[in-house]
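Here the structure comes first, spelled out in structure tokens, and everything after it is commentary.
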Amino acid sequence: MTERIVIVGGGTGGTVLANRLTDELGDEIDAGEVEVTLVNETEDHVYKPVFLYVAFGQREVADAKRPLRELLDPHVDLRVDRVVGVDTDAKELTLQTGDTPMSYDHLVLATGARVTPGDTPGLVEAGHQFYNAEGAAKLRDALATFEEGHLVLSVIGSPHMCPAAPLEFVFMADEWLRERGRREDVDITYTYPINRVHGLESIAEWAKPRFEERNINYETFFNVEEVDPETKTLHTMEGSELDFDLLVAIPEHSGDQLVIDAGLGDQGWIAVDKETLEATEAEDVYAIGDTAEIPTSKAGSVAHYAAGVVADRLAATVRGQLPTARFDGKTMCFIESGMDSATYVSFDYENAPVVRDESTFVHWAKLAYNESYWLTARGLL
Amino acid sequence: MSESEIEADVTIDSRGAGCPGPLMDLIGKVKSADAGTVIELQTSDEGSKDDVPEWLDKAGHELLDVVDRGDYWSIYVQKV
Chain A
1 MTERIVIVGG GTGGTVLANR LTDELGDEID AGEVEVTLVN ETEDHVYKPV FLYVAFGQRE
61 VADAKRPLRE LLDPHVDLRV DRVVGVDTDA KELTLQTGDT PMSYDHLVLA TGARVTPGDT
121 PGLVEAGHQF YNAEGAAKLR DALATFEEGH LVLSVIGSPH MCPAAPLEFV FMADEWLRER
181 GRREDVDITY TYPINRVHGL ESIAEWAKPR FEERNINYET FFNVEEVDPE TKTLHTMEGS
241 ELDFDLLVAI PEHSGDQLVI DAGLGDQGWI AVDKETLEAT EAEDVYAIGD TAEIPTSKAG
301 SVAHYAAGVV ADRLAATVRG QLPTARFDGK TMCFIESGMD SATYVSFDYE NAPVVRDEST
361 FVHWAKLAYN ESYWLTARGL L
Chain B
382 MSESEIEADV TIDSRGAGCP GPLMDLIGKV KSADAGTVIE LQTSDEGSKD DVPEWLDKAG
442 HELLDVVDRG DYWSIYVQKV
């Protein structure tokens with residue numbers, strides 16, 4: 001009997017996992033003993049880190065997208081469809097098209113995170129964001145004509161995708177505006193929900209003096225409750241107000257509605273064992289990537305490394321072995337500190353990040369990685 | 382280890398999450414709760430014992446109690 005592995009979601013985690021599985025289980029797949037199916041809503045794979053560069057006119061929206069089929073090993077059965085139901089007792093998925101449920105023996109949910117700016121009153125009307133193609137393109141157009149006034153980057157949602165992105169945005173904006181001779185006419189303010197400028201203490205300590213050197217203002221314990229689009233004012237839970245001319249927000253995030261409907265997590269984040277990545281509320285279900293609720297960042301590197309662990313565990317399981325691979329929380333993030341310098345951090349569950357001094361070399365390493373990302377998606381890097 | 386008589390309307394289990402997870406979980410819940418709601422934040426992150434009261438003070442909500450449960454703390458909060 002064929003053992004069926006179904007992956008939902010063709011982002012970084014799902015795509016790397018599918019390719020790693022076909023690499024590890026190629027013989028079993030050829031023999032008809034195992035099937036690997038990936039279900040994704042669209043035909044494309046989207047690499048979201050490109051959107052930050054779109055905002056500054058350095059990349060195009062189309063650079064973030066490639067056909068998923070081209071990235072997947074031919075052994076992977078790709079279904080372009082939306083999963084609308086998960087029955088973890090019957091081990092079946094309901095798809096939007098077709099009358100027959102899709103059965104599975106092992107399910108991996110890699111359904112990611114999305115921004116929900118509508119959760120903050122007034123934000124859709126008054127704010128920008130750079131987490132999807134449409135938002136990044138609109139922000140690019142707004143920045144292109146922004147000559148003077150108050151630019152505010154406000155971190156509203158936490159946790160959010162790519163923990164470095166808000167810092168990167170303000171450091172890049174500072175230099176981008178200087179290069180165009182506009183910086184003297186633009187004030188920049190960065191706001192953060194807790195009592196320092198970043199959730200990870202060492203990153204906060206690295207960033208704070210750089211804000212001061214570059215005349216970037218910051219506000220902490222700043223939790224936006226609503227945005228007034230008429231007066232262009234942010235109102236916070238702490239009772240403070242801040243006026244802006246151009247607002248760039250890190251909006252609230254949520255996981256997929258599917259996860260909520262399946263009873264696997266209230267906000268779409270799936271409760272998992274942080275080392276095995278097995279869902280705590282259902283049998284034979286794993287979660288990887290942004291949708292997995294684990295004590296580290298929602299970052300592409302986490303999805304990538306976790307996919308390797310789950311591939312090893314599933315390969316062992318279908319061979320009748322006891323899976324021993326464990327995820328140690330490995331996370332790696334580049335942090336742009338301007339238009340031509342960057343640093344990076346790597347950390348895991350046990351070891352806090354150490355931030356190195358920024359350099360041009362690391363900036364180019366980040367850009368080079370963004371180009372070679374497509375090899376990561378193929379499971380090669 | 383000590384006990385608390387306080388009965389929470391809502392419990393947030395943030396055990397296992399590192400800073401700033403527990404505080405952000407609390408802020409999210411306070412944002413959506415009605416005034417008067419009593420919230421119990423369960424946290425195993427020792428930093429929460431400082432971060433949470435500091436934020437409550439800034440935002441004007443009430444810290445009712447901090448109870449040591451052995452391997453985690455229960456922080457009781459009332460939304461004003």
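The listed protein sequences derive, respectively, from chains A and B.
Residue numbering for the first sequence follows my numbering, beginning at 1 and increasing consecutively.
Residue numbering for the second sequence follows my numbering, beginning at 382 and increasing consecutively.
Cβ atoms here follow ideal geometry from the backbone N, Cα and C, with glycine treated the same way.
Taking C-beta atoms as the reference points, V83 (chain A) and L93 (chain A) count as a pair closer than 8 Å.
Chain B places a beta carbon closer than 8 Å to that of N223 (chain A), counting this residue as a contact. Boundaries of the beta strand (DSSP E) harbouring E3 (chain A): 3–8, taken from the DSSP string. Listed in chain order, the non-local C-beta contacts of L52 (chain A) below 7 Å within the same chain comprise F130, A165, E168, F169, local neighbours out to five positions each way being set aside. Taking C-beta separations shorter than 8 Å and ignoring five residues to either side along the sequence, the partners of A352 (chain A) in its chain run L200, E201, S202, following chain order. Inclusion of L422 (chain B) and V458 (chain B) in the CB contact set at 8 Å is warranted, their separation being smaller than that value. If you check each beta-carbon in the stretch 184–202 of chain A against every beta-carbon of chain B, the ones closer than 7 Å belong to P193, I194, N195, G199. Counted as a single uninterrupted DSSP element, the alpha helix (DSSP H) harbouring P403 (chain B) occupies residues 402–413.
The distance from the Cβ of G127 (chain A) to that of V186 (chain A) is about 17 Å, inconsistent with a contact at the 8 Å cut-off. By DSSP's assignment, M161 (chain A) forms a beta bridge with A:K298. Residue environment analysis places S413 (chain B) among the exposed positions, since fewer than 16 neighbouring C-beta atoms fall within 10 angstroms of its C-beta. I250 (chain A) places its beta carbon 8 Å or farther from that of V272 (chain A). For K274 (chain A), the secondary structure class from DSSP, reduced to helix, strand or coil, is coil. In the displayed model, T317 (chain A) falls within a helix according to three-state DSSP. At a cut-off of 8 Å, the C-beta of P163 (chain A) has no neighbouring C-beta in chain B.
No Cβ-Cβ contact shorter than 8 Å links G379 (chain A) with D141 (chain A). Residue contact with chain A for W436 (chain B): present (Cβ-Cβ distance below 8 Å to some residue of chain A). In summary, the residues of the stretch 389–408 of chain B whose CB is separated from some CB of chain A by less than 9 Å are G397, A398, G399, C400, P401, G402, L404, M405, I408, in the order they occur in the chain. Between M172 (chain A) and F56 (chain A), the beta carbon gap of about 6 Å places them in contact (Cβ cut-off 8 Å). Shortest Cα-Cα distance from A292 (chain A) to any of A:A306, A:Y373, A:T37 involves A:A306.
At a cut-off of 8 Å between beta-carbon atoms, P295 (chain A) makes contact with chain B. G289 (chain A) sits away from G10 (chain A), with the two beta carbons spaced by 8 Å or more. For L445 (chain B), the uninterrupted beta strand (DSSP E) segment begins and ends at 443–449.
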